[in-house]
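Asks: Residue -1 is where the sequence shown starts when you use this note's numbering, and the numbers rise one by one after that.
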Amino acid sequence: MTTLALLIAALLFGGMTLFSFGFAAVLFAVIGPDQARLAIRGAFPHYYLWVIATAVVASALALATSTMAAWLLIAIALSTVYARQILMHQINAATDAGNKARFKALHGVSVVIQLFQIGLSGWALALLGS
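Structure (structure tokens):
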């Protein structure tokens, strides 16, 4: 169970890191800004569902090994529910309204949440790997 929890948590950490630091940059470089924005907007609902599901599965598996790691992973899932169900819609509404200042502020919040989640997943990995 510990090995599986570690592998799923590593998948979460790696997937979140790749999406955050690689996906958007590649899209902007390959297909240009207008199409990249549409692709990213379309990808986020699916990405968030993947993070929620992966974090919940990793948490359930981690529970037998590390209660703290399990709670960290649940925190990731819950904060992603907020990001998907509330924040993403606010960001899209600001974009659609052409409100660049609100978009930048809300996007900044989403970046901070994502970085915090990556840190939590790394912490959970360290707990599971020790």
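Note that the Cβ used here is the ideal one computed from N, Cα and C, for glycine as well.
(1) Measure the Cβ-Cβ separation of residue 67 and residue 8 and say whether it is below 9 Å.
(2) Distance, Cα to Cα, residue 112 vs residue 14?
(3) Determine the contact status of residue 127 and residue 11, defining contact as a CB-CB distance below 9 Å.
(4) Within 10 angstroms of the Cβ of residue 45, are there 16 or more other Cβ atoms? Answer buried if so, exposed if not.
(5) Taking the C-alpha atoms as reference points, what is the distance between residue 104 and residue 110?
(6) For a test of the three-state rule: what should DSSP assign to residue 93, helix, strand or coil?
(7) Is it the case that the region 50 to 68 contacts the region 84 to 93, given that we only count it when at least three CB pairs across the two stretches are under 8 Å?
(8) Mapping DSSP to helix, strand and coil, what is residue 20?
Replies: According to the structure shown:
(1) In the sequence shown, counting from the first residue as 1, residue 67 sits at position 69. In the sequence shown, counting from the first residue as 1, residue 8 sits at position 10. For residue 67 and residue 8, no; Cβs fall outside 9 Å.
(2) As a first step, residue 112 is located in the sequence shown; it is residue number 114 there, counting from the start. As a first step, residue 14 is located in the sequence shown; it is residue number 16 there, counting from the start. Roughly 8 Å separates the two Cα atoms.
(3) One-based indexing of the sequence shown puts residue 127 at position 129. One-based indexing of the sequence shown puts residue 11 at position 13. No; because the gap between Cβ atoms is not below 9 Å, this pair is not in contact.
(4) Locating residue 45 in the sequence shown gives position 47, counting from the first residue. By the 10 Å Cβ count, residue 45 comes out buried.
(5) Translated into the one-based positions of the sequence shown, residue 104 becomes position 106. Translated into the one-based positions of the sequence shown, residue 110 becomes position 112. If you take the alpha carbons of residue 104 and residue 110, they lie about 10 Å apart.
(6) In the sequence shown, residue 93 corresponds to position 95, counting from 1. In the structure shown, residue 93 sits in a helix (DSSP, three-state: H, G or I).
(7) no
(8) Translated into positions along the sequence shown, residue 20 becomes position 22. Note: residue 20 maps to helix in three-state DSSP.
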